Amino acid sequence: MTDLSHMNAMQTRRRLRNQKISATIRYAVLFAVGLVMLYPLIWLVGASFKTNAEIFANPGFIPSEPTMEGYRKGWETSTPYTFGRFFWNSFLIILPKTIGTAISCTLVAYGFARFDFPFKKILFGSVIAILLLPNVVTRIPQYILFRDLGWLDTFLPLWVPSALAGDAFFVFMLVQFLRSIPPDMEEAARVDGCNSFQTLIYIVVPMLAPALISVCLFQFMWTMNDFLGPLIYLSSVDKYPVSLALKLSIDTTEAFEWNRILAMSVLTITPALIVFFVAQRYFIEGISTGGVKG
Amino acid sequence: MARVQLSNLEKVYGGAFKAVHGINLDIEDGEFMVLVGPSGCAKSTTLRMVAGLEEITGGEIRIGDHVVNTLPPGKRSIAMVFQNYALYPHMKVRKNLGFGLKIAGRPKAEIEAAIQDVARILEIEPLLDRLPRQLSGGQAQRVALGRALIKKPGVFLFDEPLSNLDAKLRASMRVRITDLHKRLKERGLSSTVIYVTHDQTEAMTMGDRICVMQAGRILQVATPRDLYNHPADLFVASFIGSPEMNLIDGTLSPDTIHIGGQSVALAPEAASRLDHWPEQIVLGVRPQHLRLVTDDGPALDATMTGAEFMGHEVNIHALLDGKPIVSVTSPGEYEAATRAGDRIRLRPDPLALHIFDKGTGRNATRPALIN
Chain W
1 MTDLSHMNAM QTRRRLRNQK ISATIRYAVL FAVGLVMLYP LIWLVGASFK
51 TNAEIFANPG FIPSEPTMEG YRKGWETSTP YTFGRFFWNS FLIILPKTIG
101 TAISCTLVAY GFARFDFPFK KILFGSVIAI LLLPNVVTRI PQYILFRDLG
151 WLDTFLPLWV PSALAGDAFF VFMLVQFLRS IPPDMEEAAR VDGCNSFQTL
201 IYIVVPMLAP ALISVCLFQF MWTMNDFLGP LIYLSSVDKY PVSLALKLSI
251 DTTEAFEWNR ILAMSVLTIT PALIVFFVAQ RYFIEGISTG GVKG
Chain C
295 MARVQLSNLE KVYGGAFKAV HGINLDIEDG EFMVLVGPSG CAKSTTLRMV
345 AGLEEITGGE IRIGDHVVNT LPPGKRSIAM VFQNYALYPH MKVRKNLGFG
395 LKIAGRPKAE IEAAIQDVAR ILEIEPLLDR LPRQLSGGQA QRVALGRALI
445 KKPGVFLFDE PLSNLDAKLR ASMRVRITDL HKRLKERGLS STVIYVTHDQ
495 TEAMTMGDRI CVMQAGRILQ VATPRDLYNH PADLFVASFI GSPEMNLIDG
545 TLSPDTIHIG GQSVALAPEA ASRLDHWPEQ IVLGVRPQHL RLVTDDGPAL
595 DATMTGAEFM GHEVNIHALL DGKPIVSVTS PGEYEAATRA GDRIRLRPDP
645 LALHIFDKGT GRNATRPALI N
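Taken in sequence, the protein lines are chains W and C. Just so you know, we're using our numbering here: the first sequence kicks off at 1 and counts up by one. Just so you know, we're using our numbering here: the second sequence kicks off at 295 and counts up by one.
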């Protein structure tokens, strides 16, 4: 008996030790890879507090003489506007675009997921085809179209395609999410007297909320980071969003003030990071239920 | 008045698959009608067509005095209880109950009063401020019932409402629903019920009348007692009753039924009820009417293969000429008969025989008082 219990205890100890070793190795590898991925970001934050001279002299990320000069001068910019103006412009682009996307994509996805109409398969097929089409291909026809409409140097070319459910990815994501929700609740609502639109507002949209939040977050981040769209359609500096404004500070100075650029880069990514961390739970929920389950 | 009339009702899917074959059914005002049948028999489709959730491709549906073929569900004076409750997940119980009235534009005070009333009847008052995901199955089903009740509809539609509940809860909900139906009737409220189920116990215990369906056709509409005592054809015979009716192939001569090498005498009372004399028949005997005997009178010899002890009775499984049959007997008779071994003798009740025409499957015996 004692031999057996002794052996059991030894086995348990060995198993625990093996588990510990394996966990240590796993976490070490994860930490190392994570650090490699995150290092540029950490360096960016550190370097934004350095002087211009130190940025290239010192490879570490902790500044030897921390200074806010990069932020102060960067905020003023070399244009008549402060960086606040560019943030405001970004906001003016993002807000209508995100709202438009949420509304239009919900309507289109609801239609595809819940109604039968002629040519539904072909139409949904073309939505998927758009998903596979490289963005660049449509740039020139779109540019010509918007030029003829007289929309150049306005925010309209940035808003309108999204407000008309032009982002096939979001439509697809919402359709998949809707397909994973049983239609019984909507039928119950119809029996309760709702028409299709009331069903959408009172029943479908609340159930779609996790996916809709993901859609809004994606759209927010992609628009915040979008460089090509504003570059093509906006020509006046007073309409530039932050992504263009960053590039501006590189163009207009002969010797680049790197610490200003880095400081403004840090400010630029801050809203996206904050939004992501605040809404992370919904974000993951929306993607996993929409993308995987569907 | 909420009489429901289905005339030549048809449903064709995609122009090819015919799910419902022109059925006719007349459900009286205040009647509890159960649609029962195996899965895929189109009972749910029929119910959903009455609800307006499924378009009809032929025929007519009348609720009260109105043809409702193209009316949206909300305008048909119906309420529906779904199998998986279909409560709105983001609304508290209170809002779930009041939603229909809110959509109908009723004043807030009236809605609140109606919610309190229904909650009291169904004993869900403590649950009013919970979300559906915080409810147990039975509670959720009561809320779903309340959501139907609160609208005071002409017709209640139930789509297998109890199949997600455990056996004990199902039994108590069965009583609750029939009780509720009775109380509505007593109060003089319109209370026609169409209840879909695949469970024959529910059908037998709840329905005023039962409509047995198979493959999109109605086979028989009758009261539970008539359905049990006089099934119109082989399918109904095997579908209703537990354990299933024994169906044994045989031939018919003027005073005898031959089964394999054995025979059963055809009593004059039974013979007089035959509306025609098919030669090839299927003899139907309910297990309850197949007595296990130990005397020397005429009986069928069989070999027992097993027995299920149910408490108050014993289900005996046996082979009659190589075909499995079941007999229900009392524990005392079982012990007396099996003392001698596996060879047993079974005597069918001569007045409880059903003789089915093998060619058509129809019951050739006219109804009589069989108990």
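Note that the Cβ used here is the ideal one computed from N, Cα and C, for glycine as well. All values derive from a computational prediction rather than experimental measurement.
Within this structure, are the beta carbons of C/E325 and C/R503 separated by less than 8 Å?
-> yes
Just by C-beta distance, which residues in the stretch 374-407 of chain C are closer than 7 Å to chain W?
-> M374, F376, N378, A380, Y382, P383, H384, F393, G394, I397, A398
With which residues is C/F450 paired in a DSSP beta bridge?
-> For C/F450, which the question treats as bridged, DSSP gives the partners C/A373, C/V487.
C/Q435 classed as buried or exposed, judged by whether at least 16 other C-beta atoms fall within 10 angstroms = buried
Using a Cβ cut-off of 8 Å (strictly closer), state whether W/V29 contacts chain C.
-> no
Under three-state DSSP, which class holds C/A565?
-> helix
Residues in the stretch 198-211 of chain W with C-beta within 7 Å of chain C's C-beta atoms, listed in sequence order?
-> The stretch 198-211 of chain W vs chain C, Cβ under 7 Å: Q198, I203, P206, M207.
Please name the residues in the stretch 345-375 of chain C whose beta-carbon is closer than 8 Å to at least one beta-carbon of chain W, in chain order.
-> Listed in sequence order: A345, G346, L347, P366, P367, G368, K369, I372, A373, M374.
Measure from the alpha carbon of W/G229 to the alpha carbon of each residue in W/T268, W/D3, W/I94, W/C105, then state which is nearest.
-> W/I94
Is C/A634 near C/P572, with beta carbons less than 8 Å apart?
-> no
Complete runs of the alpha helix (DSSP H) confined to the stretch 614-662 of chain C [at least 4 residues] | Here the runs fully enclosed are 625-632.
Please look up how many angstroms separate the CB atoms of C/M467 and C/L456, rounded, as I've assumed it's under 8 Å.
-> Yes, C/M467 and C/L456 are in contact; Cβ-Cβ is about 5 Å, under 8 Å.
Ordered along the chain, which non-local residues of its own chain (more than five positions away) have a Cβ less than 8 Å from that of C/N665?
-> With a pLDDT of only 42 at C/N665, under 50, the local geometry of the prediction cannot be trusted, and the value read off the model is given with reservation. Cβ neighbours of C/N665 beyond the five flanking positions: N523.
Span of the alpha helix (DSSP H), counted from its first residue to its last, around C/R580 = No alpha helix (DSSP H) contains C/R580, which DSSP labels as neither H nor E.
Pull up the distance between the alpha-carbon of W/I42 and that of W/E65, whole angstroms please.
-> 17 Å
Cutoff 8 Å: W/D184 Cβ touching any chain C Cβ = Yes, W/D184 counts as interfacial toward chain C.
Along chain C, in chain order, which residues have C-beta atoms closer than 7 Å to that of W/D192?
-> Under a criterion of Cβ atoms nearer than 7 Å, the residues of chain C adjacent to W/D192 are, in order, G368, F393, G394, I397.
Measuring CA to CA, which of C/T351, C/K389, C/L329 is closest to C/Q494?
-> Closest by alpha carbon: C/L329.
W/I261, enclosing alpha helix (DSSP H) - first and last residue = 258-278
Between which two residues does the alpha helix (DSSP H) containing W/A129 stretch?
-> 120-132
Just to confirm, are C/Q508 and C/C335 a CB contact at a threshold of 8 Å?
-> yes
Count the other CB atoms, across all protein chains shown, that sit within 10 Å of the CB of C/H475; report buried if there are 16 or more and exposed otherwise.
-> buried
By the 10 Å Cβ neighbour count, where 16 or more other Cβ atoms means buried, how is C/T339 classified, buried or exposed?
-> buried
Are W/V127 and W/A168 touching if we call contact CB-CB under 8 Å?
-> yes
Separation of W/F61 from W/L200, as counted between CA atoms = Roughly 51 Å between the two C-alpha positions.
Examine chain C for any beta-carbon lying closer than 8 Å to the beta-carbon of W/A188, and answer yes or no.
-> Yes, because at least one Cβ of chain C sits closer than 8 Å to the Cβ of W/A188.
Within the 8 Å Cβ cut-off, does C/A313 reach chain W?
-> no
Any contact of the stretch 613-626 of chain C with the stretch 560-574 of chain C, i.e. 3+ C-beta pairs under 8 Å?
-> no
Using the beta-carbon count (16 or more within 10 Å), is C/K305 buried or exposed?
-> buried
In whole angstroms, what is the alpha-carbon distance linking W/N52 and W/R85?
-> 25 Å
Length of the line joining the Cα atoms of C/Q410 and C/G600 = Going by the C-alpha atoms only, they are around 55 Å apart.
The alpha helix (DSSP H) enclosing W/E186, as first and last residue numbers | 184-191
According to the neighbour-count rule (16 or more other Cβ atoms, all chains shown, within 10 Å of its Cβ), is W/V278 buried or exposed?
-> exposed
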